[in-house]
């Protein structure tokens, strides 16, 4: 029997679904609240009852990343791996991985000072989208359409002056069909696309469900499947949420679109999609984890 | 059990477990279940949304 440990820091519907499926499949399942973990350099996986494989499901990126590092040092496999989590957790690193992997992704500029960021706009023109390199749920993702907005954003970043505020991630805007704002979320497990949904904006620039975006069922086309698998490979595989957009360069309503991947998510949320997906998403995730269990 | 913030009665499902978040319908305060012993439930203040929260 495989012993599976689900590490969390906020017990959401997703973690309960994973626990239920693991129990049904016949795993010996333990739940570990990362906030209660105390370890040192001598701690073993058995001390923490980590079992044969760990599913890392922390809502806090840095907490999950560091817990993953500790667990991997105990020779217990973690999904996703530290390498995958660190690549997906920083949008700049993720974008570079996608590009290096030959995955279609929006053209993105990087700058490391306010002056260089301003120069980027002078050279590329408006609009560009600024995204914090760390963060999720669409927070801080802002289209900059003119100099006034740019100056305001740069001033705020100068005042807050966090270490990541000095990293400027400036991405081209992808044209939507007829002003429709939607993107596509594809969940991949071990590189295999298992479910997808459209996310339509509730009003505004961003389509994140966390911001009220409306999820709709989406059939996985061969193009989506190929791109999602390639994106998974580019960041190192595991259990991922691949976000893509339909790029209508002509801005028309009848032209063909080309898909581009703009984000790959490490600790994917799936409770909404699970309700409409044909595949049993948590079951697929647990079965994938079982294959990585230490023997 | 009453909300430590506003004293309204909290609705805590019987099948809730440690780590789950309970919200007060009256004042909106969030609490995390820190422990359960039968019907006895121990609550603590839930963490607020962090800059690095998300997927």
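Residue numbers (this note's numbering), protein chains in the order written: chain A, 1 to 295; chain B, 1 to 55.
The C-beta atom is built at its ideal place from N, Cα and C for all residues, glycine as well.
Closest option to residue 225(A), judged by alpha-carbon separation, among 214(A), 206(A) and 197(A): 197(A). For the set 261(A), 235(A) and 148(A), the Cα lying nearest the Cα of residue 243(A) is the one of 261(A). Contact annotation for residue 49(A) against chain B: no contact, minimum CB-CB distance about 15 Å [criterion: below 7 Å]. The segment 213-223 of chain A and the segment 140-154 of chain A do not touch, with fewer than 3 CB-CB distances between them shorter than 8 Å.
Here residue 47(B) has 32 as same chain residues with Cβ atoms under 8 Å from its own Cβ, once five neighbours each way along the sequence are excluded. In the structure shown, residue 61(A) falls within a helical segment according to DSSP collapsed to helix, strand and coil. Counting C-beta pairs with one atom in each stretch, the segment 34-52 of chain B and the segment 43-56 of chain A have fewer than three that are closer than 8 Å, which means they do not touch. If you look at residue 52(B), you'll find it isn't in any beta strand (DSSP E); DSSP assigns it neither H nor E.
Put simply, the CB of residue 28(B) is far from chain A, with every gap to its CB atoms at 9 Å or more. Scanning its chain for C-beta atoms nearer than 8 Å, with the 5 sequence neighbours on each side dropped, one finds around residue 294(A) the residues 52, 53, 75, 76 and 77, in chain order. When C-beta atoms of the segment 265-285 of chain A are compared with those of the segment 184-204 of chain A, three or more pairs fall below 8 Å, so the two segments count as touching. For residue 3(A) and residue 26(B), the gap between their C-alpha atoms comes out near 41 Å. When secondary structure is reduced to three states using DSSP, residue 165(A) falls in the helix class. Contact with chain A is found for residue 32(B), since one of that chain's Cβ atoms lies less than 9 Å from the residue's Cβ.
Close partners of residue 48(B) in chain A (Cβ separation under 9 Å) are lacking, with about 11 Å as the shortest Cβ gap.
Contact fails between the segment 91-101 of chain A and the segment 4-15 of chain B, because fewer than three Cβ pairs, one in each stretch, are under 8 Å apart. The way I'd put it, the segment 224-241 of chain A does touch the segment 184-192 of chain A; three or more beta-carbon pairs between them come closer than 8 Å.
Inside the segment 73-140 of chain A, DSSP marks whole beta strand (DSSP E) runs of 3 or more residues at positions 108-111 and 128-131, from first to last along the chain.
For residue 22(B), no chain A residue has a C-beta closer than 8 Å to its own C-beta; the minimum C-beta separation is roughly 11 Å.
A residue is called buried when at least 16 other Cβ atoms come within 10 angstroms of its Cβ; residue 1(A) does not meet this threshold and is exposed. Annotated as proximal: residue 35(A) and residue 63(A), with beta-carbon spacing under 9 Å.
For residue 150(A), the uninterrupted alpha helix (DSSP H) run begins and ends at 147-160, by DSSP.
Taking a C-beta distance under 9 Å as the contact criterion, residue 215(A) and residue 199(A) qualify as a contact pair. In summary, residue 163(A) is exposed, with fewer than 16 beta-carbon neighbours lying within 10 Å of its beta-carbon over all protein chains present. The Cβ atoms of residue 10(A) and residue 79(A) lie no closer than 9 Å to each other. With fewer than 16 other beta carbons inside 10 angstroms of its own, residue 24(A) counts as exposed. In the displayed model, residue 283(A) falls within a helix according to three-state DSSP. Residues 106, 108 and 129 of the same chain have their beta carbon placed closer than 6 Å to that of residue 171(A), with the five preceding and five following residues left out of the count. Residue 229(A) sits in a helix when the DSSP states are folded into three classes.
Note that the C-beta distance between residue 37(A) and residue 84(A) is not below 9 Å.
Among the residues of chain B, those whose CB is under 7 Å from the CB of residue 241(A) are 55, following chain order.
Considering only beta carbons, the part of the segment 251-275 of chain A lying closer than 8 Å to chain B consists of 265, 266, 267, 268 and 269, in chain order.
Collapsing the DSSP output to three states places residue 1(A) in coil.
In terms of beta-carbon proximity, residue 52(B) lines the interface with chain A, with at least one pair separated by less than 9 Å.
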